[in-house]
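Below is one structure, written out as structure tokens; the observations come after it.
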Amino acid sequence: MTTYYSKDHEWISVEGDVATVGITNYAQEQLGDVVYVELPETGKELAQGDEAAVVESVKAASEVYAPLDGEVVEANEALADEPAKVNEDPEGAAWFMKQKVANPGQLSDLMDEAAYKAYVETL
Amino acid sequence: MAATGENGDLKLTPLHDLHEELGARMVPFAGYTMPVQFNDGIMAEHLHTRSSAGLFDVSHMGQAFLIGPDHETTARALEALTPSNFIELGLGRQRYTVLLNDEGGIIDDIMVTRSVSEDDDGRLMLVVNAARKEIDYAHFRDRLPDNVRLEVVEERALIAVQGPQAVEVVAAHAPKVTDLAFMSASSMEFDGIDCHVGRAGYTGEDGVEMSVPAGVAEPIARALLADDRVAPIGLGARDSLRLEAGLCLYGHDIDETTSPVEGAITFCMQKRRRMEGGFPGADRIRSELDEKPGRLRVGLLLEGRAPAREGAEIALPGGPVVGMVTSGGFAPTVGAPIAMGYVPTEHADSGTQLELIVRNRRLPARVVEMPFVPNRYYRKPKT
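What follows is the structure, given as structure tokens:
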């Protein structure tokens, strides 16, 4: 399993041909208290950069973009009832969706943990 | 209020350094750099204010005086620009009102206080919205009679302390505060410093707003924050608190196109003014009062968890779009998303089922009475 990061503050954990996608701790800190998460439907075909999910804090709504091309194979329905999980465990239990990796070449567009940490430092 | 920041044209309030020290996340707001939240976050700050006491820096708001030869002259000058009764406003009493344009639209919503002392009667203190200061002041200068002048107050901060514990907290430093009735104000000493304290606010809770000299704003704020019951609160929670309280945010829920009747704030229009008229846009406002306006601001409670925010369309169930959300978000005390917006008056009754369109989805909602959370303003016990 390898974990990648995007400039949009998503983490992408790849195992075989399935990527689990969530938002980073940095992202949840910026958002503040999450009150609602809207997830994509299973079976939806996403292209890299498509709007995949919406996460709403008390203050504002933010889009989560698909980091890769590929079909949604599972969405984390637990977030519907417990959106605050995104604040508590953003890089663990509060994953957003699992996506088929349709185009593995896109993984090279993403950062590893060290590069993401360095990127966050610049913000 | 006060100095311009080093970077850009954003102004700083006298509490700026304290905000930074407290770990505030600062954002630009109405020409100022202001704290949107502190370390605990909007939800915790909101709930803390409802259960204990919150300290808000509202120094960005405009403070000014209307000054005339006597109360009646100054009050008449303000009555010519607003639909409220100021002639009969008592000494030391406060009143919420709106500045009206000639079409009966709202230029700004403002708080007015009559001096508590007969010695300096003829002065009305104004607190106006930060983003409307220059427009309001120009309007006053343009419209005031020769014997009433506008004096803009510089170098003063405005600190709000709000919540069920707020007055008790302030009373430890300014014991006279407990004598104040809701919507009344007085000068008093806070740890020996002369301040002007009004028992009012914009959260739906008991509390005060204190006008203090800029140079002592920080020690006063520190003295209040030293009390465990007090937490610093940013603009984020200020917004969610006022939304739950059903209170309007200028430029969102009311503006130059909305009248006070459409905006459902006719409580600012006392009986004599309704009868006599004599304010800008009186014809429109009178006919809206008599025949009901075409649209009304209503409270909306959503059934699901998804919030609907400003700009979301309001539709009849399965039907056409009939209005627009002007404020909305998650309400921490209610534990659900709420909104306010304008709908045609025939769809404004409590209990009316509507749909709010968010990302092309229709979210069921119904019209509810405001406030969403009961007001807990202080009422003096009957003696």
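One line per chain: the protein sequences are F and P, in this order.
Its first residue numbered 0, the first sequence is counted upward by one per residue in numbering that gives the first Met the number 0.
Its first residue numbered 0, the second sequence is counted upward by one per residue in numbering that gives the first Met the number 0.
We put the CB at the ideal spot given by N, CA and C, even for glycine.
Fill in: Contact set between the stretch 25-55 of chain P and chain F, restricted to residues whose Cβ is under 7 Å from the partner
Residues are counted here when their Cβ sits less than 7 Å from a Cβ of chain F; for the stretch 25-55 of chain P these are Gln-36, Gly-40, Ile-41 and Met-42, given in chain order.
Fill in: Sequence ranges, beta strand (DSSP E) only - wholly within the stretch 279-331 of chain P, length at least 3
DSSP assignment within the stretch 279-331 of chain P yields the following whole beta strand (DSSP E) runs of 3 residues or more, N-terminal first: 294-301, 312-314 and 320-330.
Worksheet item: Can a CB atom of chain B be found closer than 8 Å to the CB of Gly-328 (chain P)?
Response: No chain B is part of this structure, whose protein chains are labelled F and P.
Item to complete: Would you verify that the beta carbon of Arg-304 (chain P) is, or is not, closer than 8 Å to some beta carbon of chain F?
Response: At least one chain F Cβ lies under 8 Å of Arg-304 (chain P).
Item to complete: Determine which residues share a DSSP beta bridge with Tyr-95 (chain P) and list them.
Response: P:Met-110
Worksheet item: Using a C-beta cutoff of 8 Å, does Gly-4 (chain P) count as contacting chain F?
Response: With a pLDDT of 48 at Gly-4 (chain P), under the threshold of 50, the predicted position of this residue should be treated as unreliable, though the coordinate-derived value follows. Chain F contact via Cβ: absent.
Worksheet item: Any contact of the stretch 92-112 of chain P with the stretch 34-42 of chain P, i.e. 3+ C-beta pairs under 8 Å?
Response: no
Discussion item. Give me the chain F residues within the contact set of Ser-83 (chain P), using Cβ-Cβ distance strictly less than 8 Å, ordered along the chain.
Written reply: The premise fails here: Ser-83 (chain P) is roughly 33 Å from chain F at the closest Cβ pair, so nothing lies under 8 Å.
Practice prompt. With Glu-188 (chain P) as the anchor, note down where its alpha helix (DSSP H) starts and where it stops.
Written response: Counting along the chain, Glu-188 (chain P) falls outside any alpha helix (DSSP H), though it belongs to the beta strand (DSSP E) covering 184-189.
Discussion item. Considering only the alpha carbon of each residue, which of P:Val-196, P:Ile-158 and P:Met-182 lies closest to Arg-375 (chain P)?
Written reply: Of the candidates P:Val-196, P:Ile-158 and P:Met-182, the residue whose Cα lies closest to the Cα of Arg-375 (chain P) is P:Met-182.
Worksheet item: Which residues in chain P sit within 7 Å of Asp-32 (chain F), going by Cβ to Cβ distance?
Response: Near Asp-32 (chain F) (Cβ distances below 7 Å), the residues of chain P are Gly-40, Ile-41 and Met-42.
Worksheet item: Which residues, taken in chain order from the stretch 50-71 of chain F, show a beta carbon closer than 8 Å to some beta carbon of chain P?
Response: Val-53, Glu-55, Ser-56, Val-57, Lys-58, Ala-59 and Ala-60
Fill in: Per-residue contacts from Arg-358 (chain P) into chain F (C-beta, under 8 Å)
Glu-37 and Val-53
Fill in: Close-in-space but distant-in-sequence residues of the same chain around Pro-82 (chain P) (CB under 6 Å, 5 per side omitted)
Met-268, Arg-272 and Phe-278
Discussion item. Out of P:Arg-308, P:Gly-317 and P:Val-207, which one is the CA nearest neighbour of Thr-325 (chain P)?
Written reply: P:Arg-308
Worksheet item: Where does Gly-4 (chain P) sit, in a helix, a strand or coil, going by DSSP?
Response: Below a pLDDT of 50, predicted positions are generally treated as unreliable, and Gly-4 (chain P), at 48, falls in that range; the measurement from the model is reported next regardless. The answer is coil: DSSP assigns Gly-4 (chain P) none of H, G, I, E or B.
Worksheet item: Pairing CB atoms from the stretch 127-139 of chain P with CB atoms from the stretch 195-209 of chain P, are three or more of them under 8 Å?
Response: No, because fewer than three Cβ pairs between the stretch 127-139 of chain P and the stretch 195-209 of chain P fall closer than 8 Å, the two stretches do not touch.
Worksheet item: What are the residues of the stretch 345-370 of chain P that lie near chain F, defined by any Cβ-Cβ distance shorter than 8 Å?
Response: Arg-358
Discussion item. Please report the distance separating the alpha-carbon of Glu-312 (chain P) from that of Leu-353 (chain P).
Written reply: 10 Å
Practice prompt. Run the CB neighbour count on Lys-58 (chain F), radius 10 Å, all protein chains shown included, and call it buried at 16 or more, exposed below.
Written response: buried
Worksheet item: Which bits of chain F does Pro-331 (chain P) rub up against, with CB to CB less than 9 Å?
Response: Asp-32, Val-34 and Val-57
Discussion item. Any contact between the stretch 294-302 of chain P and the stretch 332-345 of chain P? By contact I mean 3 or more CB pairs, one from each, below 8 Å.
Written reply: yes
Worksheet item: What whole-angstrom Cβ distance do Leu-67 (chain F) and Val-36 (chain F) have, given they're in contact under 8 Å?
Response: Contact doesn't hold; Cβ gap of about 19 Å is too wide.
Discussion item. How far does the beta strand (DSSP E) with Arg-122 (chain P) in it extend, from its first residue to its last?
Written reply: 122-127
Item to complete: Quick one: grab the DSSP three-state call for Met-60 (chain P).
Response: Three-state result, Met-60 (chain P): coil.
Worksheet item: Who are the near neighbours of Gly-250 (chain P) in its chain, counting only those whose CB is closer than 7 Å to its CB and skipping five residues on each side?
Response: Closer than 7 Å at the Cβ level, and outside the excluded window around Gly-250 (chain P), lie Ala-130.
Discussion item. So, does the stretch 101-113 of chain F touch the stretch 20-38 of chain F, judging by three or more C-beta pairs under 8 Å?
Written reply: no
Discussion item. On the DSSP letters alone, give me the boundaries of the beta strand (DSSP E) that Leu-353 (chain P) sits inside.
Written reply: Taken as a continuous stretch (DSSP letters only), the beta strand (DSSP E) holding Leu-353 (chain P) covers 352-357.
Practice prompt. State the Cα-Cα distance for the pair Tyr-3 (chain F) and Ala-244 (chain P), rounded to the nearest angstrom.
Written response: 44 Å
Fill in: Rounded distance between the beta-carbons of Phe-28 (chain P) and Leu-234 (chain P), thought under 8 Å
6 Å
Fill in: Member of P:Leu-17, P:Leu-246 and P:Gln-62 whose CA lies at the smallest distance from the CA of His-195 (chain P)
Just measuring C-alpha positions, the residue of P:Leu-17, P:Leu-246 and P:Gln-62 sitting nearest His-195 (chain P) is P:Gln-62.
Fill in: Closest residue to Ile-22 (chain F) among F:Val-54, F:Ala-117, F:Asp-16 and F:Ser-107 (Cα-Cα distance)
F:Val-54
Discussion item. At the level of alpha carbons, what is the spacing between Ala-52 (chain P) and Ser-12 (chain F)?
Written reply: Their Cα atoms are separated by approximately 44 Å.
Discussion item. Going by beta-carbon coordinates alone, are Arg-237 (chain P) and Phe-55 (chain P) separated by less than 8 Å?
Written reply: yes
Worksheet item: Hey, how far is the Cα of Asp-282 (chain P) from the Cα of Glu-102 (chain P)?
Response: 9 Å
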